[in-house]
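The block underneath contains the structure these notes are about, expressed in structure tokens.
In my numbering, the protein residues as written are 3 to 154.
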């Protein structure tokens with residue numbers, strides 16, 4: 003079944019329950035609001051095998067969506083990792099390279115970077131320091147411009 007993206011399985015639940023599908027694959031699971039209820043229903047009541055892929059944490063290392071809520075319900079779990087873009091070690095975290103603070107920000111390597119723990123912690127410090135410096139420079143330029151305008 004293919005369709006447009008929705009944050010809920012409600013519209014396709016009846017279709018899946020009555021279908022001859024044996025396996026259901028869910029990608030980007032962190033974006034589905036009813037992930038837990040759907041997975042429980044189709045696995046327990048409908049006898050389907052459900053394979054779920056999604057992020058377990060956001061760029062601030064907070065839980066992301068309800069992916070972690072289905073872990074106690076799972077038959078098996080495989081946590082996959084990328085490689086740290088800076089050193090090649092296993093990358094358990096995602097470093098956001100922008101100052102955007104909303105949780106859901108679509109982007110690729112222009113916005114995110116897979117990193118190990120060391121580079122996540124160091125990177126956050128560097129990024130925060132860089133933004134503080136940029137804000138200070140911007141404020142200094144604004145103050146300087148306002149002084150020039152006042153003198154003129």
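Backbone N, C-alpha and C fix where the C-beta goes; we use that ideal spot for every residue, glycine too.
Unbroken alpha helix (DSSP H) run spanning residue i, endpoints
i	result
residue 38	37-42
In DSSP terms, what residue i is bridged to
i	result
residue 116	96
residue 31	DSSP, once it has assigned bridges, lists no residue as partnering residue 31.
residue 85	92
residue 156	The shown model of the chain, from 3 to 154, leaves out residue 156, and the question about it has no answer.
Cutoff 6 Å; reference residue i; Cβ partners in own chain excluding five residues on either side
i	result
residue 61	96, 98
residue 5	Its pLDDT being 48, under 50, residue 5 is placed unreliably in this model, and the value from its coordinates should be taken loosely. Same-chain partners within the cutoff: there are none.
residue 54	28, 31
For residue i, the first and last residue of its enclosing beta strand (DSSP E)
i	result
residue 26	25-28
residue 52	51-54
Check whether residue i and residue j have beta carbons under 8 Å apart
i	j	result
residue 118	residue 91	yes
residue 57	residue 44	no
residue 79	residue 52	no
residue 67	residue 40	no
residue 116	residue 89	no
CB-CB length for residue i against residue j, believed under 8 Å
i	j	result
residue 23	residue 72	That pair is no contact at about 19 Å.
residue 100	residue 113	6 Å
residue 94	residue 83	6 Å
7 Å Cβ shell around residue i - same chain, five flanking residues per side excluded
i	result
residue 42	75
residue 122	95, 97
residue 7	Per-residue confidence for residue 7 stands at a pLDDT of 49, beneath the threshold of 50, marking its modelled position as unreliable; the derived number appears in the next sentence. Closer than 7 Å at Cβ, skipping near neighbours: no residue.
residue 125	97, 117
residue 193	Lying before the first or after the last residue shown, residue 193 is absent from the chain, which here runs from 3 to 154.
Contacts around residue i, its chain only, beta-carbon distance under 8 Å, and the 5 residues preceding and following it disregarded
i	result
residue 50	18, 23, 24, 25, 26, 44
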